[in-house]
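So the structure is just underneath, and the comments pick up after that.
2 protein chains.
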Amino acid sequence: MGVTRVYSYTLAGKAGVTPEQVRKDFSEYGIKGNRRGGYLTESLIRAIEVIFSRDRKSNVVVVGMGNLGQALSRYERFAGRGINIVATFDIDPYKHKSRSDIHVYPMERLEEITERFGVTVAILAVPEISAQEVCDELVNLGIRGIVNFSPVLLKVPQYVVVNNVNLSDEIESVILSVRRMKEEQTLFL
Amino acid sequence: MGVTRVYSYTLAGKAGVTPEQVRKDFSEYGIKGNRRGGYLTESLIRAIEVIFSRDRKSNVVVVGMGNLGQALSRYERFAGRGINIVATFDIDPYKHKSRSDIHVYPMERLEEITERFGVTVAILAVPEISAQEVCDELVNLGIRGIVNFSPVLLKVPQYVVVNNVNLSDEIESVILSVRRMKEEQTLFL
DNA sequence: TGTATTTTGTGAATTGTTTCACAATAGATC
DNA sequence: GATCTATTGTGAAACAATTCACAAAATACA
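Here it is in structure tokens:
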């Protein structure tokens, strides 16, 4: 778009943080700007690509093809971020064979496919009851990172990274904040 | 289940935090336990229900019935947390009328339905391009809280609460951590 | 080329959060 | 009922993150 330089306050505005934050973070990672000249977009983008490994693609699998698993496997935005869903799995793959979506494999083929595609990260969207069991299986197959959508605190070895996403919590926290704000407001009337 | 008392370290273990954290948080909200006796489950649950407004149900709407919106509208776990999806909306409701799911209304009926059911919180799962526009509409109709699934920083008045959920970020952060850990490990070999 | 101005880069100050450590005490045990 | 023990409750200490404030440097402009 022809923009060659950006300033800490521009980025801060877009990201909803303070300019100091932006500068401190950049400085932390050795990203240098020019005093008075701001940051050069090209080199900035390259630096960020390296820091976030955006220069490489990463193969991941989705395990559990319920509502959420299906939605995640069709989510187009992952591609643009180097997140490449190579396969999806379910205990009952025939249940979901319906449309011409991404192929659903039975759990038995997990090992073969994770190995073939060098998958180290899995998205876990199975029911609460089987979450820990499936998690153990994944860890045994060499999975090193799990994005966990079940409301369960997974027990994993220290070398495995887990990121918990709890949709109920996200919504509840907004409901709570809204209630709190309303209560505050009525106090002033 | 007949359990009448719990201890800070029990809860801490289940939640993956320290016992001190549990006690400090409880103390912050005036939840009292008995020295040596722990916390009484019954009164603890009641206190938490009040703090998180779990004693009341909250009506919410889902706006945008793409993959994610559909998955969210079918997510059974919300009910058990007092989150009640009363209606879903899309610009093109006929596209999604297929199965006997929850009813999809056209955007034109947003006002009528939010008013009727006293909806103050909306789940926004529309494409990036229309996110701000739909958000403005929601705010105009009196929505006070938004759970935003589009990768956009929404501009809203101060009295509106926004909670951003970025699925690409969640997955990317795990990918990153895994790469970092692997790099660390190879250094030791 | 010199001066004014803008923006970075970063120590220091502030603010916020987590952990420590231990007195107070309720309950268990004899 | 006296003593022992486990657990809470919370100030103080340590740690972490954010904001402030300003010198240093690069550009703009005369």
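The listed protein sequences derive, respectively, from chains X and Y. If you're matching positions, the first sequence starts at 1 in the numbering used here and goes up one per residue. If you're matching positions, the second sequence starts at 190 in the numbering used here and goes up one per residue. Each residue gets a CB set at the ideal place from its N, CA and C atoms; glycine is no exception.
Query raised in the report: Can you tell me whether Y:Tyr228 is buried or exposed, with buried defined as 16 or more other CB within 10 angstroms of its CB?
Result: buried
Query raised in the report: Got a sec: which bits of the stretch 264–288 of chain Y sit with their beta carbon under 7 angstroms from any beta carbon on chain X, in order along the chain?
Result: Tyr264, Arg266, Phe267, Arg270, Ile272
**Report entry** N- and C-terminal bounds of the alpha helix (DSSP H) containing X:Pro19
**Finding:** 19–28
Query raised in the report: Rounded C-beta distance between X:Gly82 and X:Arg116? I'm assuming under 8 angstroms.
Result: Not quite, the Cβ-Cβ distance comes to about 19 angstroms (not below 8 angstroms), so this is no contact.
Query - X:Ala131 burial status per 10 Å Cβ neighbour count (16 or more: buried) - result: buried
Query raised in the report: For the stretch 167–189 of chain X, which residues have a beta carbon sitting closer than 7 angstroms to at least one beta carbon of chain Y?
Result: Leu167, Ser168, Glu170, Ile171, Glu172, Ser173, Val174, Ile175, Leu176, Ser177, Val178, Arg179, Met181
Query raised in the report: Can you name the residues of chain Y whose CB is closer than 7 angstroms to the CB of X:Gln132?
Result: Chain Y residues near X:Gln132: none, gap ~13 angstroms exceeds 7 angstroms.
**Report entry** Proximity below 8 angstroms, CB of Y:Leu313 to CB of Y:Val252
**Finding:** yes
Requested in this report: Please list the residues of the stretch 204–231 of chain Y that have a C-beta atom closer than 8 angstroms to any C-beta atom in chain X, keeping them in chain order.
Outcome: Ala204, Gly205
Report task. Please report the Cβ distance between X:Arg77 and Y:Ser357, rounded to the nearest whole angstrom; I am assuming they are in contact, meaning their Cβ atoms lie under 8 angstroms. Result -> 6 angstroms
Report task. Taking only beta-carbon positions, decide if Y:Thr309 is within less than 8 angstroms of chain X. Result -> yes
Query raised in the report: Looking only at C-alpha atoms, which of Y:Leu343, Y:Lys371, Y:Val341, Y:Glu359 sits nearest to X:Gln158?
Result: Y:Lys371
Query - Start and end residues, beta strand (DSSP E) containing X:Val60 - result: 58–63
Requested in this report: Would you kindly work out how many angstroms separate the C-alpha atoms of Y:Ile237 and Y:Tyr264, rounded to a whole number?
Outcome: 24 angstroms
**Report entry** Minimum Cβ-Cβ distance from X:Ala71 to chain Y less than 8 angstroms
**Finding:** yes
Query raised in the report: At a cut of 8 angstroms, does the stretch 102–119 of chain X reach the stretch 82–91 of chain X through at least three beta carbon pairs?
Result: yes
Query raised in the report: Sorted by chain position, which residues of the same chain lie with C-beta nearer than 8 angstroms to Y:Val350's C-beta, five sequence neighbours on each side aside?
Result: Arg333, Gly334, Ile335
Query raised in the report: From which residue to which residue does the beta strand (DSSP E) around X:Asn140 run?
Result: Looking at the DSSP string, X:Asn140 is not in any beta strand (DSSP E); the run it does join, the alpha helix (DSSP H), is 128–140.
Query raised in the report: So Y:Phe338 and Y:Leu257 are in contact, right, with Cβ under 8 angstroms, and what is the actual spacing, rounded?
Result: 6 angstroms
**Report entry** Own chain, CB closer than 7 angstroms to Y:Val328, minus 5 neighbours either side, in chain order
**Finding:** Val345, Pro346, Val349
Query raised in the report: Under the three-state reduction of DSSP, which class applies to X:Phe78: helix, strand or coil?
Result: helix
Query raised in the report: Under 8 angstroms between C-beta atoms, does Y:Phe241 make it to chain X?
Result: yes
Query raised in the report: Span of the alpha helix (DSSP H) holding Y:Thr193?
Result: From DSSP, Y:Thr193 is part of no alpha helix (DSSP H); its letter is neither H nor E.
Requested in this report: Using a cut-off of 9 angstroms between C-beta atoms, extract the partners of Y:Asn329 located in chain X.
Outcome: Those do not exist, as Y:Asn329 stays about 16 angstroms from chain X at its closest Cβ, beyond 9 angstroms.
Query raised in the report: So which of X:Gly142, X:Asp136, X:Val152, X:Val121 has the shortest CA-CA distance to X:Ile129?
Result: X:Val152
Query raised in the report: Can you find a C-beta in chain Y that's less than 8 angstroms from the C-beta of X:Ser58?
Result: yes
Query - Three-state class that DSSP yields for Y:Val367 in the structure shown - result: helix
Query raised in the report: How is the beta strand (DSSP E) around X:Ile83 delimited, first residue to last?
Result: 83–90
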